[in-house]
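2 protein chains.
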Amino acid sequence: MKDAAQKSLSNSQRALQELRRMIFAGELAGGTDHLESELADRLGMSRTPIREAALTLENQGLLELRPRKGVRILPVSPSDMREIYEVLTALESQAAEQAAQRGYSEADLSELAAAIEDMDRAVADQDLEAWAEADNRFHAELVRLGDNNRVASIFNMMNDQVRRARMTTLYIRPVPTKSNADHRAVYEAIRQGDAETARRRHREHRQHAKEILIELLEKHRLNRL
Amino acid sequence: MKDAAQKSLSNSQRALQELRRMIFAGELAGGTDHLESELADRLGMSRTPIREAALTLENQGLLELRPRKGVRILPVSPSDMREIYEVLTALESQAAEQAAQRGYSEADLSELAAAIEDMDRAVADQDLEAWAEADNRFHAELVRLGDNNRVASIFNMMNDQVRRARMTTLYIRPVPTKSNADHRAVYEAIRQGDAETARRRHREHRQHAKEILIELLEKHRLNRL
DNA sequence: GCATTCATTAATGCATACGCAAATAAATGC
DNA sequence: GCATTTATTTGCGTATGCATTAATGAATGC
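These protein sequence lines map, in sequence, to chains A and B. Position one of the first sequence corresponds to residue 1 (UniProt numbering), numbered consecutively onward. Position one of the second sequence corresponds to residue 1 (UniProt numbering), numbered consecutively onward.
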């Protein structure tokens, strides 16, 4: 057996990751309804694991279980975007502060630095996909350095909720040149153990991102992603 | 029918609220394991609604589903306490800032003021239960004024997770006299629309509370509540 | 023509059943 | 007596069936 990684996933788990994938891929678009039995057929399993997965996804804010109407894929409105970015702002800047206080070595921060480098390169190459990927990596790594599992898990939830919105705005938003100056400033503050600055700069960074995105959504009338 | 409030709760919902109650009441103590079938018998229903409720409670961080071992009620360690209070600190001070920016009238803030009054009275009366209740009310109201559903829902989750710990520490902690000065300062800042001060003061308040509580837990060797 | 009631349909909530795999106990070999 | 294998138990994952109840459409009265 060349494939060492045994793929013994339970049907519930498969349902969970499949539904997630379908939601992110837009196969299940925001605002649409889908019957449990239909999804069960689609994934070739019974309603039971589908229901369990749906329950979890409901708790994670990706969909809603409405009796008799099926599961409703939750669309994201500008107001949701505001809420989500406020949460991300608060938690990530908390993480930045913690990271700075922890006194990480330069080696510990190499992943962060690499993400910044990649973003620079991506901007130079005009490769927005690569930029988005590196940007995510930066934020995720920052959260990881913050060393708080609950913060990390909420961060992931919020990111999942805005994933579709980010994808659609990626190509209509201004080129993220200013962003990288922010990232560098945060990185520098963490490296120097300046917790207050790290927090403040990251806060400003996210707040700015929030404003840009919400303006963009409203300008383009993207009220339900 | 004199009882107007129809109690047509589904079994899942009953399971959910019953399990929650049992966890908070200590009937299901932190760290203990319980089989699905046992809980089903106990609540007089089949495993299906129990599993659904357990799934939800797992997502909310109150328990863990471990195959063959049953559901494990998650104990809270000092490290968990640190994580939770960091989240609460970040989100509540965000709420305080938002509340200040929203420019609420004095009337809008009456609930907040009332909670502060009640805390004063409770401290004077040496009524710790009443103080804890009013303190909760203050924080919950602050979050409500922050006007962010996601923040509110995470706030509730985190509060649930520390509920048992708070109850046990309530009678061994120092009398919360300083607390109220903080609350007043936050209230004042919000009333005056001073967002920066509101945020900073609330941050300090929560950070202080975190330190007190963690010290207390460690001093008394309360490692698994 | 419109509203109201009734019948029908259909999706869910939940109980139940069962196969599988993990944990435990028993049995066998050394 | 100890280790290793085999048998047994047991709890879970999941499929299935059914009663309940909301939603839809038909029928009736005004």
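Note that the Cβ used here is the ideal one computed from N, Cα and C, for glycine as well.
Under the three-state reduction of DSSP, which class applies to residue 219 of chain B: helix, strand or coil? helix
What residue does the alpha helix (DSSP H) around residue 146 of chain B start on, and which one ends it? 128-146
Counting along the chain, where does the beta strand (DSSP E) carrying residue 63 of chain B start and finish? 63-66
Using a Cβ-Cβ cutoff of 9 Å, what residues of the segment 184-201 of chain A are near chain B? List them in chain order. none
For the alpha helix (DSSP H) that contains residue 154 of chain A, what are its first and last residues? 149-170
What separation, rounded to the nearest whole angstrom, lies between the Cα atoms of residue 140 of chain A and residue 152 of chain A? 8 Å
For residue 224 of chain B, three-class secondary structure by DSSP: coil
Proximity winner among B:15, B:9 and B:32, relative to residue 225 of chain B (alpha-carbon distances): B:32
Report yes or no: do the segment 88-104 of chain A and the segment 190-198 of chain A share at least 3 C-beta pairs separated by less than 8 Å? yes
Starting from residue 34 of chain A, follow its DSSP beta bridges and name the residues at the other end. A:71
Chain B partners of residue 214 of chain A, CB-CB under 7 Å? Within chain B, no residue comes near residue 214 of chain A; the closest Cβ sits about 14 Å away, beyond 7 Å.
I'd like the span of the alpha helix (DSSP H) that includes residue 27 of chain A, first residue to last. No alpha helix (DSSP H) contains residue 27 of chain A, which DSSP labels as neither H nor E.
Give me the Cα-Cα distance between residue 85 of chain B and residue 162 of chain B, rounded to the nearest whole angstrom. 9 Å
On the CB-based measure, 16 or more other CB atoms within 10 Å of its CB, does residue 34 of chain A come out buried or exposed? buried
Distance between beta carbons of residue 155 of chain A and residue 57 of chain A, contact taken as under 8 Å: About 17 Å separates the two Cβ atoms, so there is no contact after all.
So, at 7 Å on beta carbons, what are the nonlocal neighbours of residue 214 of chain A in its own chain, with the 5 sequence-adjacent residues on each side left out? 78, 81 and 82
Return yes when the Cβ of residue 120 of chain B is within less than 8 Å of the Cβ of residue 180 of chain B, no when it is not. yes
Of the choices A:198, A:148, A:124 and A:195, whose alpha-carbon is the least far from that of residue 177 of chain A? A:124
Between residue 150 of chain B and chain A, is any beta-carbon pair separated by less than 8 Å? yes
Residue 81 of chain B beta carbon near the ligand HEM (any heavy atom closer than 7 Å): What this structure holds is no ligand at all, so the ligand HEM is not there to describe.
State the DSSP-derived secondary structure class of residue 197 of chain B, mapped to helix, strand or coil. helix
Any Cβ of chain B within less than 8 Å of the Cβ of residue 55 of chain A? yes
In chain B, what lies closer than 7 Å to residue 64 of chain A by C-beta? Residues of chain B passing the Cβ test: none, with the nearest at roughly 13 Å.
Cα-Cα separation between residue 64 of chain B and residue 49 of chain A, rounded to whole angstroms: 18 Å
Provide the residue span of the alpha helix (DSSP H) that contains residue 86 of chain A, from first to last. 78-101
When the distance is taken between beta carbons, is residue 38 of chain B closer than 8 Å to residue 12 of chain B? no
From the DSSP output, in three-state form, read off residue 3 of chain A for me. Unreliable placement is indicated for residue 3 of chain A, whose pLDDT of 40 sits below 50; the coordinate value is still reported in the next sentence. Coil.
Out of A:60, A:95, A:165 and A:206, point me to the one whose CA is closest to residue 25 of chain A's CA. A:165
Does residue 108 of chain B come out as helix, strand or coil in the three-state DSSP assignment? coil
Ends of the alpha helix (DSSP H) at residue 57 of chain A? 47-59
Using 8 Å for Cβ pairs, my map puts residue 186 of chain B next to residue 208 of chain B. What's the rounded Cβ distance? So it is not a contact: roughly 13 Å between Cβ atoms.
Three-way DSSP call (helix, strand, coil) for residue 173 of chain A in this model: coil
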